[in-house]
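So the sequences go chain by chain: A and B.
Position in the first sequence (from 1) plus 61 gives the number in my numbering.
Position in the second sequence (from 1) plus 61 gives the number in my numbering.
Note that CB positions come from ideal geometry on N, CA and C, so glycine has one too.
In what follows, a single structure is set out as structure tokens and then discussed.
Protein chains: 2
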Amino acid sequence: MATKKITSLEVAKLAGVSQSAVSRVFTPGASVSKKTNEKVRRAASKLGYRPNILARSLITGKSRIIGLVVSHLDNYFYPEALELLSNALQKKGYHVLVFMASKTSGNIDDVVDEILDYQVDSIILASVAMSSNLATRCTSAGVPVILFNRTQDDNRLSSVTSDNFAGGKKAARFLIAGGHKRIAYIAGWEGASTQRDREAGFVKELKEHGISLYAYEVGNFVRDEARQAARKMFTADEIPDAVFVASDDMSFAVMDVIRFELGLKIPEQVSVVGYDDVPVASWPAYDLTTVRQPANRMVAETISIILECIEDKETKPRRIQIDGPLVIRGSARISNK
Amino acid sequence: MATKKITSLEVAKLAGVSQSAVSRVFTPGASVSKKTNEKVRRAASKLGYRPNILARSLITGKSRIIGLVVSHLDNYFYPEALELLSNALQKKGYHVLVFMASKTSGNIDDVVDEILDYQVDSIILASVAMSSNLATRCTSAGVPVILFNRTQDDNRLSSVTSDNFAGGKKAARFLIAGGHKRIAYIAGWEGASTQRDREAGFVKELKEHGISLYAYEVGNFVRDEARQAARKMFTADEIPDAVFVASDDMSFAVMDVIRFELGLKIPEQVSVVGYDDVPVASWPAYDLTTVRQPANRMVAETISIILECIEDKETKPRRIQIDGPLVIRGSARISNK
DNA sequence: TTATTTCTTGCATACGAATGCAAATACTTC
DNA sequence: GAAGTATTTGCATTCGTATGCAAGAAATAA
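Right, here's the structure in full:
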């Protein structure tokens, strides 16, 4: 197996210049004459030379690798975000190293340690939290950490989320305006700031209208648990006439239970409102009214924060909240019946 | 910003040994005495030392990074596969560097070049092809390439797919047994071997029963195009009574058109069979009969090939086809009406 | 105890590219 | 053409770790 390694030295030899010259040709902004540049490029492409990013990283201290920790790829909001993120970073010359955080155990710290081993330029935690201890490690290692779709009470961490509190309020306002009287909520995982904020906003708005939650169950952002929650909620004596579900993903499960297991009509008997606006929400089979998380804008913000941090170490952490609209579709009544 | 870099040298100093000793402690299988080992480990954890993978790679020639090229994260088969892949590799001490191949332009070669820059130990192309020229580059760089869910006529590339031909046959056999008389097909992108094999198997089986395709449209594995295809196919004079769609993803779009735009009943008036068995297929709203691609077994095979190639350069490329069952649900009639 | 073998250890070097510095070359200007 | 400035270039070193080699320590055999 002719495992050839073409190094800058060989290119230099062929081009009749020094290794430094070759390096400079491939270093944007370095001082090289037109002639040398051409000679080197010709030799390089002849040999199929490409700079070794790893070797370069060793010196520059920049790996052009961004570590991404994800745990919920089965929630279709994340594949979309991943795709946007990866594409955008790719355009900027960075690439994404993926780390799965198992949903069960809270071993995020171990995972982040592994990430640091790769000398990543930055870490994105998608819907995942980290220990304060580890945040210290990252900070002192000079690796900026950005929480995506999650916040945390640690002022060293930047975060980008949708405005979950406002989103919760929007959902409530909409259901109230629709004349619903028995309004319920199916919660996500209580450890998630997104869940807490959505609930808080929702409950707050209800309260401001003198309404209190008619029913409450926890789905933990897991479809099966959402199903259970729905079964429990909608087999009671007098069932809710509206339910706000903390994620689209759970909403689909809830709708399926309501329609196919319990034979109820949506939205005639029960209105359902979700959160995320993943692609499936717009499919006619669900046609889900939901609060949109503008993935593209969230990603854009994330990336701008990352690049800023990488270029200028002194940037202080920011917390971005992006407002998302309520997307009105057919899963919830609009006027009072 | 106290950007401290803890190196093996500092650990060595603290532990009162040489840098080599530290290195050996962190190199599995190296010769170190129990005493030294302890001293070093104590010092290391005190300083929070962790070996720099990049520097290590420079010497060993192994980065423990696997490059993954994806292009269809919106088809929910891929997030699932990505999750399985990443998890399994993580357990083996490898990690996945993600590269998005834009669906539109065929710039795969550029992408793979970028991957090679990172000195990856192997490349997985998920549902993506590469030029023969580039395959040469990879081979000569000693980087094994594995096609996932795609084959290609290049005997230097390994591939792992489901048995698409057999899957197509199963779909046909099932529809025939269900007494369908006007059987149609909505194809994926013709450049994909998966598409071609599924179609070939399907048509072959029909032919063996003396049946020919009643209608044919192309959906290119894109939901919108599948919708168009369905509209065209099901507004004809005498519509098909069954359609095999080349992917679940397209199937959902097709079912939505059939039900909600055209007001037809599934499976009473039209039977639909898909391919993939993504999670959504089992949701009651679709309840799609489909040929399963066993993602977990496909991933397991992929990984075993990768590890084998990395350890033993002389392994020759393999082509694995994994048989998947037809999962019978409610979207297709079983008995002749 | 001494000779022999097996483990450990440190030294020095290598991996591939980037960069400060000083020497060399090219370009201006008078 | 000389003097001065701006631009290129090569040399040597550096990044953090792994590893062949030879010397030293420990264990075993005689």
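query                                                                                                                            : result
Three-state secondary structure (DSSP) of residue 282 (chain B)                                                                  : coil
Under 8 Å from the C-beta of residue 137 (chain B): neighbouring residues of chain A                                             : 137 and 140
Any C-beta of chain A under 7 Å from that of residue 150 (chain B)                                                               : no
Other residues of its chain near residue 291 (chain A): CB distance less than 6 Å, five sequence neighbours each side excluded   : 315 and 318
Residues of the region 156 to 178 of chain B whose Cβ lies closer than 9 Å to any Cβ of chain A, in chain order                  : 156, 157, 158, 159, 160, 161, 163, 172, 174, 175, 176, 177 and 178
is_contact[residue 345 (chain A), chain B] using C-beta, thresh 7 Å                                                              : yes
Residue 317 (chain B): contacting residues in chain A (beta-carbon distance under 8 Å)                                           : 344, 345 and 346
Cutoff 7 Å: residue 146 (chain A) Cβ touching any chain B Cβ                                                                     : no
Contact the region 167 to 182 of chain B vs the region 196 to 214 of chain A: 3+ CB pairs below 8 Å                              : no
Sub-7 Å separation of residue 280 (chain B) and residue 309 (chain B) beta-carbons                                               : no
Stretch-stretch touch, CB-based, cutoff 8 Å, three pairs: the region 366 to 385 of chain A with the region 77 to 86 of chain B   : no
Beta-bridge pairing of residue 223 (chain B) - partner residues as DSSP gives them                                               : B:383
Coil, strand or helix - residue 247 (chain B) by DSSP                                                                            : strand
Contiguous alpha helix (DSSP H) assignments of at least 4 residues, all confined to the region 289 to 370 of chain B             : 309 to 317
Top-ranked residue by Cα proximity to residue 161 (chain A), from A:147, A:141 and A:128                                         : A:128
DSSP-derived helix/strand/coil call for residue 63 (chain B)                                                                     : Its pLDDT being 41, under 50, residue 63 (chain B) is placed unreliably by the model, and the measurement read from it follows with that caveat. DSSP places residue 63 (chain B) in coil when its eight states are reduced to three.
Between the CA atoms of residue 140 (chain B) and residue 229 (chain A) - distance to the nearest angstrom                       : 28 Å
Cutoff 7 Å: residue 394 (chain B) Cβ touching any chain A Cβ                                                                     : no
Partner residues on chain B for residue 264 (chain A), Cβ-Cβ distance less than 8 Å                                              : The contacting residues do not exist; residue 264 (chain A) stays about 29 Å from chain B at best.
Coarse secondary structure for residue 262 (chain B), derived from DSSP in three states                                          : helix
Reduced DSSP category for residue 229 (chain A) - H, G, I as helix; E, B as strand; rest coil                                    : helix
Cβ distance (whole Å) where residue 349 (chain A) is taken to contact residue 303 (chain A) below 8 Å                            : So it is not a contact: roughly 13 Å between Cβ atoms.
Contact check, residue 130 (chain B) vs residue 186 (chain B), beta carbons under 7 Å                                            : yes
The region 302 to 330 of chain A: positions lying closer than 7 Å to chain B by Cβ                                               : 313, 317 and 321
Minimum C-alpha distance to residue 263 (chain A) - residue among A:271, A:278, A:234 and A:286                                  : A:234
Inter-residue Cα distance where the pair is residue 257 (chain A) and residue 248 (chain A)                                      : 8 Å
For residue 124 (chain B), three-class secondary structure by DSSP                                                               : coil
Interface flag, residue 73 (chain B) vs chain A, CB-CB below 7 Å                                                                 : no
Below-7 Å beta-carbon distance, residue 253 (chain B) vs any chain A residue                                                     : no
Per DSSP, cross-strand counterpart(s) of residue 160 (chain B)                                                                   : B:130
Identity of the residues DSSP links to residue 276 (chain B) by a beta bridge                                                    : B:245
Chain-ordered neighbours of residue 134 (chain A) on chain B, where CB pairs are closer than 7 Å                                 : 140, 143 and 144
Short Cβ contact (7 Å threshold) for residue 193 (chain A) with residue 215 (chain A)                                            : yes
Cβ of residue 118 (chain B) within 7 Å of any chain A Cβ                                                                         : yes
Stretch-stretch touch, CB-based, cutoff 8 Å, three pairs: the region 363 to 372 of chain A with the region 204 to 211 of chain A : yes
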